[in-house]
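Peer 1: In my numbering, the protein residues as written are 0 to 713.
Every residue, glycine too, gets a C-beta built ideally from N, C-alpha and C.
Have a look at this one.
Dropping the structure here:
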């Protein structure tokens, strides 16, 4: 390079300016590597500043040299004149570099922390379980997190420029509009206060309401309200649980059996329902602080620790004991205790159901006496009873039945085993008669059997029970040893009246047994099933929310329990309709209503008196006659209309049952020995009454019953 050119100020300044123009490009190159070498861009800035200082130095020197004192600031010679300036510029740039570098590093660290914090906050907002949306200071939505989008169906794009009140908070659950000035969410944007609501309605995008609880908080910057944040959660499940809890609390408070809940950890009774307190003669508040043992009779307390241990080990235990009332009297109870455990198997609570079984004990004593009397009567009359479960082919005999057939009591039986005991010459006859009975015919036969190698004559009678669908469920009947009667026909004729009375007694006992069994099934089994359903619901309330599988299992259990309750109710009704407790007229109305619904045959009841307070046995007999008559109408009459008249005239119960069916020929029916008509006649005769059947083919049938009855309270 020619020195002359460098000594020329314009050439020198051009060189400096060119370097200055190239320095930004160098800066850009350094920025490309700034991520890998973070300080390169700082060096580029420093180099750029150094060039700027040199250019500024040249401009000042030129200006001074041309106007005042040429050559005053620059010594002679190129290098001697520029080297000091270059060194001075480099020194200034170096000082600036040492100052900028720490500041830039801190700025980078702050930006990194801020970016990471923003990213984390965004993740928290988007993955939060509660719905969150932000508002500007006008009440317009600025952002919506994923949970809010899922619950409401709105996204940021759906909001537009409308107020959030008009979108999600516009109406009450009743459909009435919510005025803007009453909107607590918008109030936050205006007054800067925190607003909380436990029960509100947000409206989804599809128009469905969503029950929520929410909190609206203001966003403040430099003391000014710049917006608000609304955090809300779905309140539906909580509302449902509160409703369920209130319902079970109502059941707990109004249950007819006593219930206590014992907190094992605290070692004290936590809950006592009013029925338990009443059972013992106290008020609930009087029992505060009592221990469980204080309710038991003195001689029963020693065994209580063993019972508690058994409850904890097995989870459930039922036993009978004696409790003491406030007045000191004792009464028998049945205790049904359940241990409620946590996931680790530790017992948290003991739920104890207590039932006063005084009435049941009395019924059991009466039943034992009745069974003893029945067994004695059967032995005296050589009359055994039997019951055949047709679907399961299980035959049950009374003790007298085993004696008649010469078998040890308790021997397993079925229909085939019974048929093998029949005399070979009579087996086809007996089998045919039974098949006919299953098909609807009466079963009242006499045949021979082989017992202990001897031939005996027996008479069998049976009634068949049907399900609501008309399927045969079981046969219930009697078997009588008539060997002696066959030998002495005359004696049989003389004893016919005695046999009729015995059959009537048996019918009375059986009706009483039906009544007792029906009531016991309804009361005892019904209560236990209800308690079991309550326990299942409590299990769902306590543990179902956090365990969906358990909740589904409990729902299945509850459905099964409800089905079982329906079966128990139907069984109790089939044994003895509860309508009989309301009187004969009410029972007849119930029977005719069900008959009309089941058969589509029109029924009319004519009863001048709505309530006939007859004695129970007479009313039951009349009801059974009506029931048997309707059964016969269903089977044989092919009728379209049935008229029933019930009146009590001068101590006589009169009942007429008339249908417009096909009727029948008396001689033909008498030859068939139909059991239904015979049963109606026998029921009337056992009360000293009479029955008459008027019918002819094509003219329908009328059954007339006249029974002397005593009205209760007369």
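Could you have a look at residue 273 and say whether DSSP puts it in helix, strand or coil?
Peer 2: Residue 273: helix per DSSP, three-state reduction.
Peer 1: When you compare only the Cα positions, how much space is there between residue 599 and residue 475?
Peer 2: Rounded to whole angstroms, residue 599 to residue 475 spans 29 Å at the Cα level.
Peer 1: Considering only residues of the same chain and omitting the five flanking positions on each side of residue 280, which have a CB-CB separation below 7 Å?
Peer 2: Cβ neighbours of residue 280 beyond the five flanking positions: 324, 325, 326.
Peer 1: Which stretch, first to last residue, makes up the beta strand (DSSP E) that contains residue 284?
Peer 2: Run containing residue 284: none; DSSP gives neither H nor E here.
Peer 1: Figure out for me which residue from 397, 387, 363 has the closest Cα to the Cα of residue 375.
Peer 2: When only C-alpha atoms are compared, the closest one is 397.
Peer 1: Could you tell me whether the segment 216-229 touches the segment 250-269, where touching means 3 or more Cβ pairs closer than 8 Å?
Peer 2: In short, these stretches do not touch, since the Cβ pair count stays below three.
Peer 1: Please classify residue 354: is it buried, with 16 or more other beta-carbons within 10 angstroms of its beta-carbon, or exposed?
Peer 2: Buried, since its Cβ has 16 or more Cβ neighbours within 10 Å.
Peer 1: Please classify residue 304: does DSSP put it in a helix, a strand, or coil?
Peer 2: Here residue 304 sits in helix by DSSP.
Peer 1: Spatial neighbours of residue 697 within its chain, please: C-beta separation below 8 Å, excluding the five flanking residues on both sides.
Peer 2: Cβ neighbours of residue 697 beyond the five flanking positions: 661, 662.
Peer 1: Using the Cα positions of residue 365 and residue 508, report the straight-line distance between them to the nearest angstrom.
Peer 2: In a straight line, the C-alpha of residue 365 is about 12 Å away from that of residue 508.
Peer 1: Classify residue 383 as helix, strand or coil using the three-state DSSP reduction.
Peer 2: Here residue 383 sits in strand by DSSP.
Peer 1: Given this structure, state the Cα-to-Cα distance separating residue 430 from residue 512, to the nearest angstrom.
Peer 2: So the alpha carbons of these two residues sit roughly 29 Å apart.
Peer 1: Measuring straight from C-alpha to C-alpha, what distance separates residue 213 and residue 138?
Peer 2: Residue 213 and residue 138: Cα-Cα distance of roughly 16 Å.
Peer 1: With three or more beta-carbon pairs closer than 8 Å as the criterion, would you say the segment 593-611 touches the segment 635-642?
Peer 2: Contact holds: three or more Cβ-Cβ distances are below 8 Å.
Peer 1: Starting from residue 232, follow its DSSP beta bridges and name the residues at the other end.
Peer 2: Partner(s): 212.
Peer 1: For residue 414, which residues in the same chain have their Cβ closer than 7 Å to its Cβ, ignoring the five residues on either side in sequence?
Peer 2: So the list reads 387, 392, 394, once near-sequence residues are dropped.
Peer 1: In the structure shown, what three-state DSSP assignment does residue 655 receive?
Peer 2: Correct three-state label for residue 655: strand.
Peer 1: Kindly identify the DSSP beta-bridge partner or partners of residue 443.
Peer 2: The partner list for residue 443 (beta bridge, DSSP) reads 460.
Peer 1: For the segment 357-371 against the segment 526-543, do three or more pairs of beta-carbon atoms, one drawn from each stretch, fall closer than 8 Å, so that the two count as touching?
Peer 2: No: fewer than three Cβ pairs fall under 8 Å.
Peer 1: By the three-class DSSP mapping on this structure, what secondary structure does residue 129 have?
Peer 2: Residue 129: coil per DSSP, three-state reduction.
Peer 1: List the endpoints of the continuous alpha helix (DSSP H) containing residue 594.
Peer 2: Here the alpha helix (DSSP H) through residue 594 covers 583-598.
Peer 1: Please say whether residue 535 and residue 553 have beta carbons closer to each other than 7 Å?
Peer 2: Closer than 7 Å, so yes.
Peer 1: Here's a check: name, in chain order, each residue in its chain whose Cβ is nearer than 6 Å to the Cβ of residue 401, leaving out the five neighbours to either side.
Peer 2: The answer, listed in chain order, is 408.
Peer 1: Would you report the Cα separation of residue 516 and residue 175, rounded to the nearest angstrom?
Peer 2: Answer to the nearest angstrom: the Cα atoms are 56 Å apart.
Peer 1: By Cβ distance below 8 Å, which residues in the same chain neighbour residue 162 in space, the five residues on each side in sequence not counted?
Peer 2: Once the five neighbours on either side are set aside, the close Cβ partners of residue 162 are 137, 138, 139, 179, 185.
Peer 1: Confirm, please, whether the CB-CB distance from residue 421 to residue 471 is below 7 Å.
Peer 2: No, the pair does not count as a contact, with Cβ atoms beyond the cut-off.
Peer 1: So, is residue 132 buried or exposed, given that buried needs 16 or more other C-beta atoms within 10 angstroms?
Peer 2: Answer is buried; the Cβ neighbour count reaches 16.
Peer 1: Less than 6 Å between C-beta atoms, sequence neighbours within five positions excluded: which residues of the same chain meet that for residue 23?
Peer 2: Per-residue confidence for residue 23 stands at a pLDDT of 43, beneath the threshold of 50, marking its modelled position as unreliable; no derived number is given.
Peer 1: Give a yes or no on whether the C-beta atoms belonging to residue 450 and residue 404 are separated by under 7 Å.
Peer 2: Taking 7 Å as the Cβ cut-off, residue 450 and residue 404 qualify as a contacting pair.
Peer 1: Hey, out of 561, 381, 621, 568, whose CA is closest to residue 587's CA?
Peer 2: The option with the nearest alpha carbon to residue 587 is 621.
Peer 1: In the DSSP assignment, find the beta strand (DSSP E) that holds residue 647 and state where it starts and stops.
Peer 2: First-last of the beta strand (DSSP E) with residue 647: 640-648.
Peer 1: Does the beta-carbon distance from residue 202 to residue 167 come in below 7 Å?
Peer 2: For residue 202 and residue 167, yes; Cβs fall inside 7 Å.
Peer 1: Alpha carbon to alpha carbon, how far is residue 483 from residue 565? Give it in angstroms, no decimals.
Peer 2: Distance between the alpha carbons of residue 565 and residue 483 is about 48 Å.
Peer 1: If you compare alpha carbons, which of 702, 624, 547 is closest to residue 686?
Peer 2: Closest by alpha carbon: 624.
Peer 1: Just curious, the beta strand (DSSP E) that residue 320 is in, first and last residue?
Peer 2: Taken as a continuous stretch (DSSP letters only), the beta strand (DSSP E) holding residue 320 covers 315-323.
Peer 1: How big is the Cα-Cα spacing for residue 370 and residue 234?
Peer 2: Each residue's Cα considered, the two are about 60 Å apart.
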